[in-house]
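Novice: Per this note's numbering, residue 124 is the first one in the sequence shown, and the count goes up by one each step.
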Amino acid sequence: MDYADKRRSAFDLDAYCERISYSGPRTPTMATLDALQACHTSAITFEAIEVLLGRPVDISPAAVDAKLIRARRGGYCFEQNGLFKRALESIGFTVTGLLGRVYWMSPPAATLPSRSHMALRVFVDEESWLVDVGFGTCVPTTPLRLAETQPQRLRHDTFRIDPSAEGCLLQILIGETWTPVYDLSLGAPAEIDYVVANWFTSTHPSVGFRRDLIVARTAFEARYTLLRNKLTVRPIDGEVRKEMLSASGVLDALHEIFLLPVIPEWSPMASAMADNA
C-alpha cells in the first residue's frame, strides 16, 4: 500500500457521507462531484466562530474531522476544502489544492491582499474543474470548468473565469456587473503555505473574522448569510429578505438555519453582535 492508498484508507468516507446526507454513487464521475459539492455546501456551514472568540484554528486532518464531521460544526476555507479534498481523493478523484487572493467586498483601491483562500482543482475525464465548498456568501455550488471563459450559470448565481497574471480570476454576476471574487494561482502550494495562510487568517487584526460574526450556508433552495446580527435570505426564486436579529435571534438562527450545535458560551458573542450592530 503506497502513501496515497494509506491516506484514502484512513479517511472515514461513511461518516463524511452521513454528515452531508449523501447516499449516491462513490465513483469519480462528474455526476458524483456535482452532487457531493451541492450536498456539502448545504450541510456544512461556513463559519469562523473560533477566530472571533480568539482561538486558534487547527487545520490538521484529525482536528478538522473531529470538528466538522463528529461535532457537526462548520469551518472556513482551509477546513472545508481540506476536508472535501480528502473526501474526493478517497473516492478516487485526482485533486490539487490551490491558493488565492480574495477580492470579494474589497474596494477598488484596496491594497494587494495576501493569498488567504484555499480552493481545489479537480480532474475528471481529462478536464480540470474549479471546485470550492469554503467561500461562504457566494460559494459555487457545482464545479466550474477552468478552461471556459464564457459565463457559467449555476443553481444560485452566474460565474465567469478569466485568465489573470496570477492564474485565473473568478467573478460573479451581480445585477449587470461582474464582481471579482478571488484570484487563484494554478500552481499547487506546499502544505506549509496553507499553515501560514491559516495562521494569518485566524490571527491578524485586519481580518474581518476577528471582528464580525460571519456565517453562511448555501442550501438547495436559497443562500443564507449572517453578518453580525443581519440575516439575509436569497432564494433561488423570490425576493431577497433581510432581518436584524436580537441576541437570542442570532443564537436561534445559528441553530435552526445554520445547523450549528449552539453552546452557552456563545451567548456573549451573540449579545455583542446585536448590541454593537
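Ideal Cβ positions, reconstructed from N, Cα and C, are used throughout, including at glycine. Bear in mind the structure is a predicted one, so any value in this text is a computation, not a measurement.
Does the stretch 212 to 222 touch the stretch 166 to 179, meaning 3 or more C-beta pairs lie closer than 8 Å?
Specialist: Output reads no: the stretch 212 to 222 does not touch the stretch 166 to 179.
Novice: Just verifying my parser: in three-state terms, what is the DSSP assignment at residue 338?
Specialist: The residue labelled residue 338 in the question sits at position 215 within the sequence shown. If DSSP states are grouped into helix, strand and coil, residue 338 belongs with the strands.
Novice: Does the distance from the C-beta atom of residue 296 to that of residue 305 stay below 8 Å?
Specialist: Position 173 of the sequence shown, counted from the first residue, corresponds to residue 296. Position 182 of the sequence shown, counted from the first residue, corresponds to residue 305. Contact: no.
Novice: Within this structure, are the beta carbons of residue 134 and residue 200 separated by less than 8 Å?
Specialist: Residue mapping note: residue 134 aligns to position 11 of the sequence shown, counting from 1. Residue mapping note: residue 200 aligns to position 77 of the sequence shown, counting from 1. No, Cβ-Cβ distance for residue 134 and residue 200 is not below 8 Å.
Novice: So residue 377 and residue 196 are in contact, right, with Cβ under 8 Å, and what is the actual spacing, rounded?
Specialist: Taking the first residue of the sequence shown as 1, we reach residue 377 at position 254. Taking the first residue of the sequence shown as 1, we reach residue 196 at position 73. That belief does not hold up - the Cβ atoms of residue 377 and residue 196 are roughly 11 Å apart, past 8 Å.
Novice: Expressed to the nearest angstrom, what Euclidean distance is found between the alpha-carbon atoms of residue 364 and residue 298?
Specialist: For this step, residue 364 is matched to residue 241 along the sequence shown. For this step, residue 298 is matched to residue 175 along the sequence shown. Spanning the two alpha carbons is a distance of roughly 17 Å.
Novice: So the beta strand (DSSP E) residue 367 belongs to, where does it begin and stop?
Specialist: Residue 367 sits at position 244 when you count from the first residue of the sequence shown. Note, residue 367: beta strand (DSSP E), 364 to 367.
Novice: Nearest to residue 352 by alpha carbon, out of 312, 341 and 393?
Specialist: Against the sequence shown, residue 352 aligns to sequence position 229. The candidate whose alpha carbon is nearest that of residue 352 is 393.
Novice: Let's see if you can read the secondary structure: which residues bound the beta strand (DSSP E) around residue 160?
Specialist: Residue mapping note: residue 160 aligns to position 37 of the sequence shown, counting from 1. Element bounds for residue 160: not the beta strand (DSSP E) but the alpha helix (DSSP H), 153 to 166.
Novice: Does the structure place the stretch 150 to 160 close enough to the stretch 171 to 186 that three or more beta carbon pairs sit under 8 Å?
Specialist: No, the stretch 171 to 186 does not touch the stretch 150 to 160.
Novice: State buried or exposed for residue 269, treating a residue as buried only when at least 16 other CB atoms are found within 10 Å of its CB.
Specialist: Your numbering for residue 269 matches position 146 in the sequence shown. Counting Cβ neighbours within 10 Å, residue 269 comes out buried, since at least 16 surround it.
Novice: Give me the residue from 174, 255, 236 and 189 with the minimum Cα distance to residue 333.
Specialist: Your numbering for residue 333 matches position 210 in the sequence shown. Minimum Cα distance to residue 333 is reached at 174.
Novice: Indicate whether residue 236 and residue 254 have their beta-carbon atoms separated by less than 8 Å.
Specialist: As a position in the sequence shown, residue 236 is number 113, starting the count at 1. As a position in the sequence shown, residue 254 is number 131, starting the count at 1. Against a cut-off of 8 Å, the Cβ pair of residue 254 and residue 236 comes out as no contact.
Novice: Using the Cβ count rule (16 or more neighbours within 10 Å means buried), how would you classify residue 164?
Specialist: Walking along the sequence shown from the start, residue 164 turns up at place 41. Buried: at least 16 other Cβ atoms inside 10 Å.
Novice: Return the Cβ separation of residue 380 and residue 347 in integer angstroms, given the expectation that the two are a contact with Cβ distance under 8 Å.
Specialist: The residue labelled residue 380 in the question sits at position 257 within the sequence shown. The residue labelled residue 347 in the question sits at position 224 within the sequence shown. Contact flag correct, Cβ pair sits at about 5 Å.
Novice: Is residue 331 near residue 309, with beta carbons less than 8 Å apart?
Specialist: Within the sequence shown, residue 331 is the residue found at index 208, counting from 1. Within the sequence shown, residue 309 is the residue found at index 186, counting from 1. No. Outside cutoff.
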